[in-house]
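K.L.:
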Amino acid sequence: MAKEIAGYVKLQVKGGQANPSPPIGPALGSKGLNIMEFCKQFNGRTQDKMGMVLPVVITYYKDKSFDFVIKTPPAAILLMEATKIKSGSAQPNRTKVGSVSWDQVRQIAETKMPDLNCFTVDSAMKMIAGTARSMGITVSGKAPWEENKEA
Amino acid sequence: MNYVELSLTITPDYTDILTAELAEVGYESFVETDEGLNAYITEDLFDEAALEAVIAKYQIFTAIAHSWKALEKKNWNEEWERSYEPIEVGRAVRVRAQFHEPDDSFTYDLLITPKMSFGTGHHATTWLVMNEQLSLPHTGLDIMDVGCGTGILAILGRKLGAKSIVAFDIDEWAVENSRENFALNGVEQDAEVFQGTITDVPLERQFGGILANINRNILLSEITHYVQHLLPGGWLVVSGFYEMDEPDIVQCALENGLTKVRTDTRNEWATVVFEKTS
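Protein chains in written order, with the numbering used here: chain A, 1 to 151; chain B, 1 to 278.
#1: Give a yes or no on contact between the segment 93-101 of chain B and the segment 230-248 of chain B, applying the rule of three or more CB pairs nearer than 8 Å.
#2: Taking beta-carbon pairs under 8 Å, can you tell me which members of the segment 17-34 of chain B lie near chain A?
#3: Would you list the one or two residues that DSSP bridges to T111/A?
#4: From L184/B to T150/B, what distance separates their C-alpha atoms?
#5: Provide the residue(s) that pair with G36/B in DSSP beta bridges, ordered along the chain.
#6: Determine the closest residue to L54/A out of T138/A, D63/A, F68/A, with distance taken between C-alpha atoms.
#7: What residues in its chain sit with their C-beta under 6 Å from that of I152/A, if we drop five residues either side in the sequence?
#8: By DSSP's criteria, A97/B is part of a beta bridge. Which residues make up the other side?
#9: Tell me which residues share the same chain as C252/B and place their Cβ nearer than 7 Å to its Cβ, disregarding the 5 neighbours each side in the sequence.
#10: Residues of chain B with a CB under 7 Å from the CB of A6/A: which are they?
#11: Under a Cβ-count criterion, where at least 16 other Cβ atoms within 10 Å of its own Cβ denotes burial, should R96/B be classed as buried or exposed?
#12: Here's a check: name, in chain order, each residue in its chain whose Cβ is nearer than 8 Å to the Cβ of L156/A, leaving out the five neighbours to either side.
#13: Are the segment 160-167 of chain B and the segment 134-141 of chain B touching, with three or more C-beta to C-beta distances below 8 Å?
#14: For K115/B, which residues in chain A fall below 9 Å Cβ to Cβ?
#15: Would you be able to state if there are at least three C-beta pairs under 8 Å between the segment 24-34 of chain B and the segment 130-143 of chain A?
#16: Report the neighbours of M130/B on chain A: residues whose CB is nearer than 9 Å to its CB, in chain order.
#17: Find the nearest neighbour of Q17/A within the set A6/A, P144/A, D48/A, judged by alpha-carbon distance.
#18: Are the CB atoms of G257/B and V227/B nearer to each other than 8 Å?
#19: Residues in the same chain with beta-carbon distance under 8 Å from V13/A, minus the five sequence neighbours each way, listed in chain order, please.
#20: Looking at K149/A: is its Cβ nearer than 8 Å to the Cβ of Y61/A?
#21: Between S178/B and the rest of its own chain, which residues show a CB-CB distance below 6 Å, the 5 nearest in sequence each way excluded?
#22: Considering just the uninterrupted stretch of the beta strand (DSSP E) at P232/B, what are its terminal residues?
Spelled out as structure tokens, the structure:
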């Protein structure tokens, strides 16, 4: 018989760095879950993504057991990685701190697709490009759909 | 380490961006709330000026309200620790809390009050290492426990006949907790516990056995140090990584002159025993 779900906990934790402090401690501890067990599993599964912020959805059951799914990193983090910048622009509307190509936007969109409410890669790309602009990152070149229109 | 909780009231469009920005200035973890975002950072890294600078960047586009507070240091695992079940490793080792009745049919009775530290035997890696310890020589040896957590492995080492134990962890809870558990099990004599890493152990300290239940990345970067502290003929037990990472660990150990003795697995987690042959 399937275990009875008691609820979900959603957190964003840096890969390989889960520890029993807040917010993990209070979020899981208040449900009577074994926090150290979660930290060991999460850190073990994210050794390849050390330090990268990863959303995690924990399903916990009435018998105090749990399992969890690690999602793709937030688009803003992937954009920072792609541009190798340490933070967004001090004045995102005036000063651009980096640029990404549409190919990079596509890569990020494809990575993020499983976690986005988008039906097509193009719509995911538009969403990622919007986040880039808000951070002061330029998307260089023409969008693929504009090129297609011209052709 | 005490933590600071930052609460941001922002629109959903900016939660990702603020998460990325705050992660760059040291915030460790995040929770999306109905109002926006909560972010968590250790007190020593909290820098109000850096926070204001991040917020100022985006305030021209969107309204951002924020507040922060220092959080109390607390054992968040208390609820689980109040009712955990004893763990058995074969018929030799039983790990229990003080509220469990002892069972004399086991050779080694270990009392553990975890207090937010890792190592009760419930996790596959702790179980695996303890299981390996049962077949490794301990009598008269100096043993080192790297990343000791509750101190459970060092305690078993001592009960198996180790002459002395050196245990350390980077986490202050773990250090405090190991001391308590050493006392609970009557193994405080010739048992040293400190907060730190392998680089804090003087090179002249040599051990007949080293236990390291940590994680893949730390092991890959530290195996070379363990080898320097291992006496010829000494053994090293490593764990804290998944089966898929075992080949990398083995390769690293072999490159450092160790010989693989065996690998054991449980619930996809692995433990490997090595020996220093020369």
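Glycine included, each C-beta is placed from N, C-alpha and C at the ideal position.
For clarity, every value in this text was computed on a predicted model and none was experimentally measured.
P.N.:
For this structure:
#1: Verdict: no, contact absent.
#2: Residues I17, T19, A20, E21, A23, E24, V25, E28, S29, F30, V31, E32.
#3: Partner(s): none; T111/A has no beta bridge.
#4: 12 Å
#5: T9/B
#6: In terms of Cα proximity to L54/A, the closest of T138/A, D63/A, F68/A is F68/A.
#7: A question about residue 152/A goes unanswered here, because the residues of chain A that appear run from 1 up to 151.
#8: Partner(s): none; A97/B has no beta bridge.
#9: L220, I223
#10: The premise fails here: A6/A is roughly 14 Å from chain B at the closest Cβ pair, so nothing lies under 7 Å.
#11: Its Cβ being crowded by 16 or more others within 10 Å, R96/B is buried.
#12: Chain A is shown only over 1 to 151; residue 156/A falls outside these bounds and no answer can be derived.
#13: The answer is yes - the segment 134-141 of chain B touches the segment 160-167 of chain B, with three or more Cβ pairs under 8 Å.
#14: For the C-beta of K115/B, not a single chain A residue is nearer than 9 Å; the gap to the nearest is close to 10 Å.
#15: no
#16: Under the 9 Å cutoff, chain A gives no residues; its nearest Cβ is about 15 Å from M130/B.
#17: D48/A
#18: yes
#19: Correct list, in chain order: I24, F42, V53, L54, V56.
#20: No, these two residues do not count as a Cβ contact at 8 Å.
#21: C148, G151, A167, V193
#22: 230-242
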